[in-house]
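Asks:
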Amino acid sequence: MDQALQPTRNASRPVSQILKSFSFERWALLIGLAVLTIACVAIFPQFRTPALLTTMLNNQSLVLLLALTATIVLRVGDFDLSISQIMVASGAVVLQLSLTGIPPLLAVVIGLLLGAVVGLINAYLVVKIGVDSFVITLGSFTALAGVAYLVTGGKVVGGVPDEFVNFARSQLLGIPMITWYAWVLIVLVWYVYQRTPLGRYMIFVGGNRNASRLSGVPVDRIRMGAYMVSGILAALVGICFIGYFGAVDPSVGSQYMLQPFAAAFLGATAIAVGRLMPSAPWSPSTSSRSESPHSSFWGPRRGYPTFSTGWH
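Using the working numbering, the first residue of the sequence shown is number -1, and each one after it goes up by one.
(1) For leucine 63, tell me which candidate among Ala180, Met222, Leu112, Phe165 has the shortest Cα-Cα distance.
(2) My understanding is that proline 248 touches alanine 146, with C-beta atoms under 8 angstroms, so please give their C-beta distance in whole angstroms.
(3) Just to confirm, is the Cβ distance from valine 215 to threonine 67 under 8 angstroms?
(4) Tell me, which residues are paired with isoleucine 173 by DSSP?
(5) Short of 8 angstroms in beta carbon distance, which residues of its chain neighbour leucine 337, apart from the five on each side in sequence? Order them along the chain.
(6) Please report how far the alpha carbon of aspartate 160 lies from the alpha carbon of isoleucine 173, in whole angstroms.
(7) I want to know whether the stretch 118 to 134 touches the stretch 68 to 79 - three or more CB-CB distances under 8 angstroms.
(8) Taking just the CA atoms, how far does glycine 151 sit from arginine 193?
(9) At the level of alpha carbons, what is the spacing between serine 138 and leucine 34?
(10) Following a CB-centred definition, is leucine 64 positioned closer than 7 angstroms to any heavy atom of the ligand PLP?
(11) Apart from the five residues just before and just after valine 155, which ones in its own chain have a Cβ nearer than 8 angstroms to its Cβ?
(12) Go ahead and label serine 210 buried or exposed: buried means 16 or more other beta carbons lie within 10 angstroms of its beta carbon, across all protein chains shown.
(13) Determine whether the beta carbon atoms of glycine 144 and alanine 233 lie at a separation below 8 angstroms.
(14) Going by beta-carbon coordinates alone, are glutamine 257 and valine 71 separated by less than 8 angstroms?
(15) Which residues in the same chain have their Cβ closer than 6 angstroms to the Cβ of tyrosine 242, if we skip the five residues on either side of it in sequence?
(16) Rank Cys238, Met222, Gln253, Val125 by C-alpha distance to the C-alpha of asparagine 164 and give the top, closest one.
(17) Consult DSSP for valine 74 and reduce its assignment to one of helix, strand or coil.
(18) Return helix, strand or coil for serine 158, following the three-state DSSP convention.
(19) With DSSP as the reference, label valine 215 as helix, strand or coil.
(20) Less than 8 angstroms separating the beta-carbons of phenylalanine 162 and proline 102?
(21) Between which residues of its own chain and valine 107 is the CB-CB distance below 7 angstroms, once the five residues before and five after are set aside?
(22) Excluding the 5 residues preceding and the 5 following serine 283 in the sequence, name in chain order all residues of the same chain whose CB lies nearer than 6 angstroms to its CB.
(23) Just grab the DSSP bridge partners of leucine 246 for me.
(24) For alanine 204, which residues from the same chain have a beta carbon less than 6 angstroms from its beta carbon, with the 5 sequence-adjacent residues on both sides left out?
(25) Report the rounded CA-to-CA distance for proline 279 versus alanine 105, giving the unit in angstroms.
(26) Is the beta carbon of leucine 196 sitting closer than 8 angstroms to the one on valine 190?
(27) Relative to the alpha-carbon of arginine 221, which residue among Tyr199, Leu231, Leu212 has its alpha-carbon at the smallest distance?
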């Protein structure tokens, strides 16, 4: 009798394994986003238009770029709170240099060098001196805010050259290039994290530095490289920033300070729980930025957008 039941047990085993491997915790965030989207589509006719979908995708692109940048240093177990202010300061420097007659390409190179220098300073003080990364990068954030105010004279500067506007706003298949850049960066960062030894070394370093050193992993070099890449990417996001908005406001750095980290950490609760994956910031950044379209349907109630963003 046991032999007769054996094939049945074997046949049912794959199904049970599939059910056992499914974790609601891994997919709860995406399921919640899907339910929210379906509900909005069913209730609000405006959600059924392609224009609103495109607007939602475009709204989250800048936060998504910064969130992907934030995961680089987070993956090695550190913080880089200065990325949003690197974005603003480098964008302000590039814009002011361009307005003085310097060729845009040279201005971009100088802006990227600014990001690399800030990343190098952060890396040296954190890795070599041993100061806490939270403290150092918060100090860098404050210093760069002063740089942005100094460069812009404390006012909003417009007149962004067409080269930068086209770089961020030119459309491909009806979607601005800044959104395409974010999606391309997702693929690139995913490939490095999941398909290269460097990506595995980064997760080892973030998990246990002493064990990584004993295993022969160049811990200090990887950590310093993460800060350098983070600074350069943040400066590159600054180019997209000035092109997309067509101006530089030196005060907006604080508005983008915590959103990327919120997206990165919320993303670590989905799909690959506990790991900072490049695809992870996409769903939380999308849901947090999607509040602006549907919040308007409830009327202009003061405080609702802020409450909705925090809830998301």
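Glycine included, every Cβ here is placed at the ideal spot set by N, Cα and C. It should be emphasised that the depicted structure is a prediction, and the values quoted were computed from it without experimental measurement.
Replies: Taking the structure as given:
(1) Along the sequence shown, read from residue 1 onward, the residue named residue 63 stands at position 65. The residue with the shortest Cα to Cα distance from leucine 63 is Ala180.
(2) As a first step, residue 248 must be located in the sequence shown, where it is residue number 250. As a first step, residue 146 must be located in the sequence shown, where it is residue number 148. Indeed, because the Cβ distance is near 4 angstroms, the residues count as touching under 8 angstroms.
(3) Indexing the sequence shown from 1 puts residue 215 at position 217. Indexing the sequence shown from 1 puts residue 67 at position 69. Contact flag unset, no.
(4) Translated into positions along the sequence shown, residue 173 becomes position 175. Leu170, per the DSSP bridge assignment.
(5) Lying outside -1 to 310, the shown extent of the chain, residue 337 is not represented and no answer is given.
(6) By 1-based counting over the sequence shown, the position of residue 160 is 162. By 1-based counting over the sequence shown, the position of residue 173 is 175. When rounded, the distance between both Cα atoms is 18 angstroms.
(7) Result yes; three or more Cβ-Cβ pairs closer than 8 angstroms.
(8) For the purposes of this step, residue 193 is identified with residue 195 of the sequence shown, where counting begins at 1. For the purposes of this step, residue 151 is identified with residue 153 of the sequence shown, where counting begins at 1. Computed Cα separation, rounded: 45 angstroms.
(9) Here residue 138 corresponds to residue number 140 of the sequence shown, with the count starting at 1. Here residue 34 corresponds to residue number 36 of the sequence shown, with the count starting at 1. About 38 angstroms.
(10) Of the ligands one can find in the structure shown there are none, so the ligand PLP has no counterpart to examine.
(11) Within the sequence shown, the letter at position 157 stands for residue 155. If we look at valine 155 and ignore the five residues flanking it on each side, its Cβ neighbours are Ala90, Leu93, Gln94, Leu97, Ala245, Val246.
(12) If you number the sequence shown from 1, residue 210 lands on position 212. Buried is the call here.
(13) In the sequence shown, residue 144 corresponds to position 146, counting from 1. In the sequence shown, residue 233 corresponds to position 235, counting from 1. No, the pair does not count as a contact, with Cβ atoms beyond the cut-off.
(14) Against the sequence shown, residue 257 aligns to sequence position 259. Against the sequence shown, residue 71 aligns to sequence position 73. Cβ distance not < 8 angstroms, so glutamine 257 and valine 71 don't count as in contact.
(15) Position 244 of the sequence shown, counted from the first residue, corresponds to residue 242. Excluding positions up to five away in sequence, the list reads Ala166, Ile176.
(16) Against the sequence shown, residue 164 aligns to sequence position 166. Of Cys238, Met222, Gln253, Val125, the residue nearest in Cα terms is Cys238.
(17) Residue numbering aside, residue 74 sits at position 76 when the sequence shown is read from its first letter. For valine 74, the three-state secondary structure derived from DSSP is coil.
(18) Within the sequence shown, residue 158 is the residue found at index 160, counting from 1. Looking at the sequence itself, residue 158 is valine, so the reference to serine does not match. Reduced to three states, the DSSP call for valine 158 is coil.
(19) Within the sequence shown, numbered from 1, the residue matching residue 215 stands at position 217. The answer is coil: DSSP assigns valine 215 none of H, G, I, E or B.
(20) For the purposes of this step, residue 162 is taken as the residue at position 164 of the sequence shown. For the purposes of this step, residue 102 is taken as the residue at position 104 of the sequence shown. For phenylalanine 162 and proline 102, yes; Cβs fall inside 8 angstroms.
(21) If you number the sequence shown from 1, residue 107 lands on position 109. There are no such residues.
(22) Numbered from its first residue, the sequence shown carries residue 283 at position 285. The predicted model places serine 283 with a pLDDT of 47, which falls under 50 and marks its position as unreliable; any figure quoted below should be read in that light. Excluding residues within five positions, the ones whose Cβ falls inside 6 angstroms are Gln58, Val61, Leu62, Ala65, Ala261.
(23) For the purposes of this step, residue 246 is taken as the residue at position 248 of the sequence shown. The sequence as given places valine at residue 246; leucine does not occur at that position. DSSP, once it has assigned bridges, lists Val155 as partnering valine 246.
(24) Sequence index remark: in the sequence shown, residue 204 carries index 206 (1-based). Residue identity check: residue 204 is glycine in the sequence provided, not alanine. Excluding positions up to five away in sequence, the list reads Arg73, Val74, Gly75.
(25) As a working mapping, residue 279 is identified with position 281 in the sequence shown. As a working mapping, residue 105 is identified with position 107 in the sequence shown. For proline 279, the predicted model reports a pLDDT of 48, less than 50, meaning its position is unreliable; a value from the coordinates is still stated below. So the two alpha carbons sit approximately 30 angstroms from each other.
(26) Residue 196 sits at position 198 when you count from the first residue of the sequence shown. Residue 190 sits at position 192 when you count from the first residue of the sequence shown. For leucine 196 and valine 190, yes; Cβs fall inside 8 angstroms.
(27) What you label residue 221 is simply residue 223 of the sequence shown in a count that begins at 1. Taking only the C-alpha atoms, the option nearest arginine 221 is Tyr199.
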